[in-house]
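Here is the structure we will look at, set down as structure tokens.
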Amino acid sequence: MRAALQLSEAGLKTAVLSKVFPTRSHTVAAQGGVSASLGNSEEDHWTWHMYDTVKGSDWLGDQDAIEFMCREAPKVVTELEHYGMPFDRNADGTIYQRPFGGHMSNFGEKPVRRACAAADRTGHAMLHALYQRNVRANTHFFVEWMALDLIRDADGNVQGVVAMEMETSEIVVFQAKATLFATGGAGRIYASSTNAFINTGDGLGMAARAGIPLEDMEFWQFHPTGVAGAGVLITEGVRGEGGILRNSAGERFMERYAPNAKDLASRDVVSRAMVTEINEGRGCGPNKDHVLLDITHLDPDVIMSKLPGIREISIKFAGVDPIKAPIPVVPTCHYQMGGIPTNYHGEVVVEGKPVHGFYAAGECACASVHGANRLGTNSLLDLLVFGKSSANSMIDFIKQQPLELPQLATADVERSVARVERLNKQTNGVAVNDARTAMQRTMQAHCGVFRFKDMLAQGVEKILEVEKMVQQTEISDKSSVFNMARIEALELENLIEVAKATMISANARTESRGAHVRDDAPDTPETPNGRDDANWLKHTLWSREGNRLEYKPVNLQPLTVDTIALKTRSY
Amino acid sequence: MTAYDPIELKRIRWRSRRGLLELDLVLERFFAQRFDSLSPAEIDAYKRILDLPDTDFLDVVNGKADLDDPEEAAIIEILRSV
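Just so you know, the protein sequences line up as chains A and B, in that order. Take the first sequence: its letters are residues 290 to 860, numbered as in our numbering. Take the second sequence: its letters are residues 198 to 279, numbered as in our numbering.
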């Protein structure tokens, strides 16, 4: 919507296609805020923000894109303020800024207040401000439309998308001089995810099918404790108040992994311990796929007063009253660092060259500013900065194009129609739910927050088996109007591309870096944190064709400042 | 009970896909367990609730806020119970 606004205000005819009403996108779930070195509360500088982002990325982020984002941050946040975003304010009227994990002053010295928020509804407020502004600028919204496939001509130039109107199932071509994907992440590839059901990586699936590689898909951010089977987060404060993690034998297993800190060990240590317990057969439940968070020993009054909402979440989403029984929990997928490869102009880049007419921004794109791990509040910043920069690139590109649209290339359109036809005609096929569950379980067990060599290798085989299931999905409802079964089957065809990219990329990267942590790449004096810069300081590029992997160097050269030299990442 | 427009029912089902996971989970159960037994007037009330922004909708489902309209409040009670 940030890009659409820029385009519409430049006088271009702009169509936004969305599966759901635009203000109900998953951005609504972003609570923490958006970062910018405004320095309203204390001294701050974009170079410090840049340092924090590079360090957070475990040096996998491209430093030109990171410099661009951090320098642009104050501008785009101020613009958003002018669009009517109701930021929290200081007494003097400036935007109030709060501290946030990983935000430091003076190159990692001490915490700094850099996060700008609108109460705990920053994402919601941002969507509303941008939507209202777009309506004023005459952006044309096509709501409840699902894009199916990208259209590329023989030279690879992008001509638009094939899309389906949900109300009628009619398939329509949207031919455009420039096409931007802002389709979000694909967290639903995992069994346990904080992502809403709409986050099915549609843009990634379309890009992969159109021969565009996906970058750094092995990097996913996880939270240690989501309710097993649901994904709703249980705050880490529960362990702070005395919550204990137990395995199927009832053992307080954190005593073995972190004898001093025990259940209060850092997020990664706790996540790894949980996964190791599950992997070694000490998980709980019929599928032995989670552990238990026990607060039954706490005084019920403490639970009610110190942990408000936890009892309700547990009863509602885990079906257990935590006063009486422990809560089933599992490390839960939250954010996708990888995506469609772009530069900081928002142009999609393949083999070092922009794909004419194709742009991407936000979680579906990989500029790469998040590298191997995202710094909190940089996701909202990412979509503002790169939404705007990609729109500016689109405006420049469109100006150079002839007035008339080129002849439509029909091959991709036919392939897209054939894909829907296949689904409509499939008999003796696989139920969409079964295929999706198989994919989600495979990803969770074989490619979760902590990864094992053998499990990854098996995971590659399994996910390719699941792909065969996805190719044979069958729907019983063949009707045309708001056919949710068809939509879910098409979404699954996008998810499986992301799942393959993730598994195959993770299997190949034999180091640990940021959010990709392998048991066989441990912390040693030669490779601190298991990171292997000599061999793996590079971006993964997975292509759908033959599941081919290629690599490209990380850009360590910022635009105007000196490089932030490689260092061991520790907090 | 007068039959509700089947096309409208399918539209309502899709519009129950939301931006927040918690709402998706609650509404999925609501459809599995309770939606089919609602009267047309109750479905109308539910449709009005769907127009709420996700954050407000979740606050109401979580009991942090209430709706004034008695028909809508009755639906919210069901959503709180599933």
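Quick reminder that beta carbons are idealized off the backbone N, C-alpha and C, glycines included.
Suppose the cutoff is 8 Å on Cβ atoms and the five residues either side in sequence are ignored; what does the same chain contact list for Y420/A look like?
M290, P311, T312
Thinking C-beta only, is V721/A closer than 8 Å to A774/A?
yes
Helix, strand or coil at R858/A [DSSP, three-state]
coil
Tell me the rounded alpha-carbon separation between E239/B and F232/B.
9 Å
Counting C-beta neighbours from all protein chains within 10 Å, is the total for R541/A 16 or more, i.e. buried, or is it exposed?
exposed
What are the start and end residues of the beta strand (DSSP E) that includes L672/A?
Run containing L672/A: none in the beta strand (DSSP E); it sits in the alpha helix (DSSP H), 667 to 689.
Pick from S213/B, L235/B, S278/B, D253/B that is closest to E268/B, judged by C-alpha positions
Closest option to E268/B, Cα to Cα, is L235/B.
Apart from the five residues just before and just after R740/A, which ones in its own chain have a Cβ nearer than 8 Å to its Cβ?
A795, H805, V806, R807, D808
Straight-line CA distance for R422/A to L294/A?
Approximately 7 Å, taken between the alpha carbons.
Rounded to a whole number of angstroms, what is the C-alpha to C-alpha distance between M198/B and V706/A?
Confidence at M198/B is low in this model, with a pLDDT of 48, below 50, so its placement is unreliable and no value can be given for it.
If we count the other Cβ atoms within 10 Å of its Cβ and call it buried at 16 or more, is T514/A buried or exposed?
buried
Inter-stretch contact at 8 Å, needing at least 3 Cβ pairs: the region 392 to 407 of chain A / the region 335 to 348 of chain A
yes
Here's the rule I'm using: 16 or more other beta-carbon atoms within 10 Å means buried, otherwise exposed. How should D221/B be labelled?
buried
CB E504/A to CB L830/A, shorter than 8 Å?
yes
Would you say A607/A reaches chain B, if we count a Cβ-Cβ gap shorter than 8 Å as a contact?
no
Between T468/A, L416/A, A304/A, which lies nearest to F430/A when the distance is taken from Cα to Cα?
A304/A
Using a cut-off of 9 Å between C-beta atoms, extract the partners of H512/A located in chain B.
Simply none; closest approach about 12 Å.
Residues of its chain near I478/A, where Cβ-Cβ distance is below 6 Å and the 5 sequence neighbours each way are ignored:
M732, L784, V787, A788
L534/A vs V580/A beta-carbon contact at 8 Å
yes
Going by the CB atoms, is the gap between L296/A and I684/A shorter than 8 Å?
In terms of Cβ geometry, I684/A and L296/A form a close pair [threshold 8 Å].
Simplified DSSP state of V366/A, which is helix, strand or coil:
helix
Expressed to the nearest angstrom, what Euclidean distance is found between the alpha-carbon atoms of K679/A and A562/A?
The identity of residue 679/A in the sequence shown is Ser, whereas the question assumes Lys. Using only the alpha carbons, I get a separation of about 41 Å.
To the nearest whole angstrom, what separates the beta carbons of A654/A and M626/A, a pair I think is in contact under 8 Å?
Incorrect: roughly 11 Å between the Cβ atoms, too far for contact.
Verify whether the separation of the beta carbon atoms of R208/B and F771/A is less than 8 Å.
yes
Given a cut-off of 8 Å, decide if L779/A and M543/A are closer than it, judged by their beta-carbon atoms.
no
By how many angstroms is the C-alpha of I853/A removed from the C-alpha of S859/A?
15 Å
Could you tell me which residues DSSP pairs with K642/A in its beta bridges?
V639/A
Tell me which same chain residues have a C-beta within less than 6 Å of the C-beta of A200/B, skipping the five on either side of it?
none
Along the beta strand (DSSP E) that carries L469/A, what are the first and last residues, could you check?
That run of the beta strand (DSSP E) goes 468 to 470.
Quick one: which chain B residues come within Cβ less than 8 Å of S314/A?
G216
With DSSP as the reference, label E525/A as helix, strand or coil.
coil
Rounded to the nearest angstrom, what separates T383/A and N329/A at their Cα positions?
7 Å
What does Q386/A pair with, by DSSP beta-bridge criteria?
C405/A
What number of angstroms, rounded off, separates the C-alpha of E370/A from the C-alpha of F376/A?
Their backbone Cα atoms lie some 7 Å apart in a straight line.
Along the chain, where does the beta strand (DSSP E) that runs through M435/A open and close?
434 to 441
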